[in-house]
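Asker:
In my numbering, the protein residues as written are 500 to 938.
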């Protein structure tokens with residue numbers, strides 16, 4: 500399950516720089532905004548992971564790197580090491596069904612690295628965030644850096660049924676840091692940290708061609724066919740945006756068209772050992788407005804449909820955008836495929852189509868399908884802020900941040916803007932055994 504803020508909700512893809520306030524610090528935060536950094540500590544408090552964001556964007560040419568720092572207690576570690584790894588997995592069965600070493604999970608991507616003691620051969624230049632965090636936290640903070648391949652799968656969650664417990668099925672990402680003598684050693688819960696992160700994809704900058712389809716049907720004892728032409732006003736739609744369907748009916752047959760049915764359908768290809776496709780209607784419009792259309796008659800009309808998750812909360816297995824809270828989530832975005840993409844490495848491939856079906860009296864139906872892309876708009880990237888002028892910079896209010904280190908505020912450099920630390924909330928679900936499972 501994806502981690503959430505303290506109020507139980509989950510901020511959207513652009514939430515990493517969110518300046519909304521919580522609790523008794525509401526007045527202070529409104530006046531003193533800063534860079535938000537997420538943190539999570541191990542149960543024994545000996546290692547703490549600091550991460551700049553939870554959503555990592557696939558730009559098609561590259562994926563945002565996963566970078567942060569780990570604050571360690573060297574006296575606790577002694578001769579042991581600290582490792583971190585990132586895992587993308589497709590879970591296709593409940594955790595409580597994992598028996599005899601068999602798991603209903605397929606690992607899609609995994610990468611590991613030793614964080615402490617640092618290995619000079621694997622060290623990379625520090626990012627701006629890492630520089631600021633190390634300056635803030637002191638010498639016991641060590642950086643980690645992962646680069647995901649550009650064809651890595653996006654986070655997708657299959658909507659669970661009411662009453663389902665534990666992690667839902669779908670593709671999820673987990674960043675883990677743990678203390679061990681070797682990277683092969685099994686991590687203990689008391690000295691390890693697990694953080695759920697997401698990989699998201701925004702709408703492509705260049706949409707595809709306008710969808711258009713036409714079809715005709717001939718009937719027995721009819722000299723001419725029934726003809727249907729349909730088109731969408733564009734190929735790319737954002738979540739929550741209505742879809743306008745332009746329908747043109749030319750009835751040269753001797754049949755009568757009684758009504759029309761327009762449905763938006765989600766197609767989810769489950770890419771495991773063999774590919775299985777599941778389709779689910781997410782918006783349906785059935786109307787007799789303008790009908791019947793008799794012989795030698797025509798109809799030209801625009802219909803509007805809008806696929807929304809709030810109208811499909813009871814459909815188990817519906818693909819969602821990697822979040823679980825209904826008030827914060829949405830339908831899964833369309834999977835962006837490139838020529839280098841391997842379907843088997845994606846786990847779940849999501850597509851959408853609009854199906855237009857004419858119901859004909861005493862005859863067969865006539866239908867066409869129009870594929871389209873459903874996604875999030877790409878947020879505008881703010882220009883990078885210049886480094887502050889040390890001679891003119893005002894001192895940082897150290898009361899804004901309550902650091903969990905033994906360093907004094909005076910030992911930190913005061914030449915950077917404020918950093919606001921926010922805890923990863925630990926949301927717990929009751930499993931069948933009555934125990935807790937941490938998300």
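Cβ atoms here follow ideal geometry from the backbone N, Cα and C, with glycine treated the same way.
Within 10 angstroms of the Cβ of residue 748, are there 16 or more other Cβ atoms? Answer buried if so, exposed if not.
Answerer: Position 249 of the chain shown, counted from the first residue, corresponds to residue 748. It counts as buried.
Asker: Of all the alpha helix (DSSP H) runs that stay within the bounds of the segment 616 to 655, which reach a length of 4 or more residues?
Answerer: If we require 4 residues or more, the alpha helix (DSSP H) runs fully inside the segment 616 to 655 come out as 627 to 636.
Asker: For residue 897, name the three-state secondary structure that DSSP assigns.
Answerer: Numbered from 1 along the chain shown, position 398 holds the residue referred to as residue 897. Here residue 897 scores only 33 on pLDDT, less than 50, and its place in the model is too uncertain to base an answer on.
Asker: Which stretch, first to last residue, makes up the beta strand (DSSP E) that contains residue 539?
Answerer: Taking the first residue of the chain shown as position 1, residue 539 is located at position 40. Per DSSP, residue 539 belongs to the beta strand (DSSP E) from 534 to 540.
Asker: Which value, in whole angstroms, describes the spacing of the CA atoms of residue 579 and residue 678?
Answerer: To locate residue 579, count along the chain shown from 1; it is residue 80. To locate residue 678, count along the chain shown from 1; it is residue 179. So the alpha carbons of these two residues sit roughly 7 Å apart.
Asker: Can you list the beta strand (DSSP E) stretches of 3 or more residues lying completely in the segment 701 to 752, in chain order?
Answerer: 711 to 716, 725 to 731, 735 to 737 and 742 to 750
Asker: Is the distance from the Cβ of residue 754 to the Cβ of residue 790 below 7 Å?
Answerer: Here residue 754 refers to the residue found at position 255 when the chain shown is read from its first residue. Here residue 790 refers to the residue found at position 291 when the chain shown is read from its first residue. It is not a contact, given that the beta carbons lie outside the stated cut-off.
Asker: For residue 647, count the other beta carbons within 10 Å of its own beta carbon; 16 or more makes it buried, fewer makes it exposed. Which is it?
Answerer: One-based indexing of the chain shown puts residue 647 at position 148. Label assigned to residue 647: buried.
Asker: Which residue or residues does DSSP assign as beta-bridge partners of residue 673?
Answerer: Counted from its first residue, the chain shown places residue 673 at position 174. Bridge partners of residue 673: 586 and 695.
Asker: Identify which residue in 836, 834, 757 and 687 has its Cα closest to the Cα of residue 796.
Answerer: Translated into positions along the chain shown, residue 796 becomes position 297. Nearest C-alpha to residue 796 among 836, 834, 757 and 687: 757.
Asker: Label residue 552 either buried or exposed according to how many other C-beta atoms from any shown protein chain fall within 10 Å of its C-beta, with 16 as the threshold for buried.
Answerer: Locating residue 552 in the chain shown gives position 53, counting from the first residue. When all chains shown are included, residue 552 counts as buried.
Asker: Is the beta carbon of residue 546 sitting closer than 7 Å to the one on residue 611?
Answerer: Locating residue 546 in the chain shown gives position 47, counting from the first residue. Locating residue 611 in the chain shown gives position 112, counting from the first residue. The answer is no: Cβ separation not under 7 Å.
Asker: To the nearest angstrom, how far is the alpha carbon of residue 660 from that of residue 605?
Answerer: Taking the chain shown and counting its residues from 1, one reaches residue 660 at position 161. Taking the chain shown and counting its residues from 1, one reaches residue 605 at position 106. Going by the C-alpha atoms only, they are around 22 Å apart.
Asker: By DSSP, does residue 553 sit in helix, in strand, or in coil?
Answerer: Counting from 1 along the chain shown, the entry for residue 553 is found at position 54. If DSSP states are grouped into helix, strand and coil, residue 553 belongs with coil.
Asker: Skipping 5 residues on each side, what residues in its chain have a beta carbon closer than 6 Å to that of residue 626?
Answerer: For the purposes of this step, residue 626 is identified with residue 127 of the chain shown, where counting begins at 1. The answer, listed in chain order, is 566.
Asker: So, at 6 Å on beta carbons, what are the nonlocal neighbours of residue 712 in its own chain, with the 5 sequence-adjacent residues on each side left out?
Answerer: Mapped onto the chain shown, residue 712 falls at position 213. 729, 867 and 869.
Asker: Count the other CB atoms within 10 Å of the CB of residue 656; is the residue buried (16 or more) or exposed (fewer)?
Answerer: Here residue 656 corresponds to residue number 157 of the chain shown, with the count starting at 1. By the neighbour-count rule (16 or more Cβ atoms within 10 Å), residue 656 is buried.
Asker: For residue 608, which residues from the same chain have a beta carbon less than 6 Å from its beta carbon, with the 5 sequence-adjacent residues on both sides left out?
Answerer: As a working mapping, residue 608 is identified with position 109 in the chain shown. Same-chain partners within the cutoff: 587 and 651.
Asker: Just to confirm my understanding: we take residue 801, look at its own chain, exclude 5 residues before and 5 after, and list those with CB closer than 6 Å. What are they?
Answerer: Taking the chain shown and counting its residues from 1, one reaches residue 801 at position 302. Answer for residue 801: 743 and 745, listed in chain order.
Asker: For residue 739, count neighbouring Cβ atoms within 10 angstroms of its own Cβ and tell me buried if that reaches 16, exposed if not.
Answerer: Looking up residue 739 in the chain shown gives position 240. Classification for residue 739: exposed.
Asker: Return the CA-CA distance between residue 918 and residue 674, expressed in angstroms with no decimal places.
Answerer: Here residue 918 refers to the residue found at position 419 when the chain shown is read from its first residue. Here residue 674 refers to the residue found at position 175 when the chain shown is read from its first residue. Approximately 22 Å, taken between the alpha carbons.
Asker: Indicate the three-state DSSP secondary structure (helix, strand or coil) for residue 591 in the structure shown.
Answerer: For the purposes of this step, residue 591 is taken as residue 92 along the chain shown, with counting starting at 1. Here residue 591 sits in coil by DSSP.
Asker: Starting from residue 854, follow the alpha helix (DSSP H) in both directions and report where the run begins and ends.
Answerer: Here the question's residue 854 lines up with position 355 in the chain shown. Unbroken run through residue 854 is the beta strand (DSSP E), 847 to 859; no alpha helix (DSSP H).
Asker: Would residue 853 and residue 763 qualify as a contact pair, given that the criterion is a beta-carbon distance under 7 Å?
Answerer: Counting from 1 along the chain shown, the entry for residue 853 is found at position 354. Counting from 1 along the chain shown, the entry for residue 763 is found at position 264. Their beta carbons are under 7 Å apart, which means residue 853 touches residue 763 by this criterion.
Asker: Go ahead and label residue 725 buried or exposed: buried means 16 or more other beta carbons lie within 10 angstroms of its beta carbon, across all protein chains shown.
Answerer: As a first step, residue 725 must be located in the chain shown, where it is residue number 226. Residue 725 is classed as buried because its beta carbon has at least 16 other beta carbons within 10 Å across all chains shown.
Asker: Please go through the same chain and pick out, in chain order, the residues whose beta-carbon is closer than 6 Å to the beta-carbon of residue 737, but skip the five residues on each side of it.
Answerer: Locating residue 737 in the chain shown gives position 238, counting from the first residue. The answer, listed in chain order, is 876.
Asker: Out of 922, 871, 849 and 658, which one is the CA nearest neighbour of residue 817?
Answerer: On the chain shown, residue 817 is found 318 positions in, with the first residue counted as 1. Among 922, 871, 849 and 658, the Cα nearest to that of residue 817 is on 658.
Asker: By Cβ distance, which residues of its chain are closer than 7 Å to residue 623, with the 5 residues on each side in sequence left out?
Answerer: On the chain shown, residue 623 is found 124 positions in, with the first residue counted as 1. Correct list, in chain order: 644.
Asker: What whole-angstrom Cβ distance do residue 847 and residue 759 have, given they're in contact under 8 Å?
Answerer: Mapped onto the chain shown, residue 847 falls at position 348. Mapped onto the chain shown, residue 759 falls at position 260. Not quite, the Cβ-Cβ distance comes to about 31 Å (not below 8 Å), so this is no contact.
Asker: Does residue 838 pass the burial test, meaning 16 or more other C-beta atoms within 10 Å, or should it be called exposed?
Answerer: The count along the chain shown starts at 1 and reaches residue 838 at position 339. Flag for residue 838 reads exposed.
Asker: Kindly give me the distance between the Cβ atoms of residue 849 and residue 874, rounded to whole angstroms, as I take these residues to be in contact under 8 Å.
Answerer: Taking the first residue of the chain shown as position 1, residue 849 is located at position 350. Taking the first residue of the chain shown as position 1, residue 874 is located at position 375. With 8 Å as the limit, residue 849 and residue 874 do not qualify as a contact, their Cβ atoms being about 10 Å apart.
Asker: Figure out for me which residue from 829, 766 and 723 has the closest Cα to the Cα of residue 794.
Answerer: On the chain shown, position 295 is the one that residue 794 refers to. When only C-alpha atoms are compared, the closest one is 723.
Asker: Please classify residue 786: is it buried, with 16 or more other beta-carbons within 10 angstroms of its beta-carbon, or exposed?
Answerer: Reading the chain shown from its first residue, position 287 is the one you call residue 786. Looking at its Cβ environment, which holds fewer than 16 other Cβ atoms inside 10 Å, residue 786 is exposed.
Asker: Comparing alpha-carbon positions, which option in 861, 540, 555 and 539 lies nearest residue 701?
Answerer: To locate residue 701, count along the chain shown from 1; it is residue 202. Checked all of 861, 540, 555 and 539; the closest Cα to residue 701 is 555.
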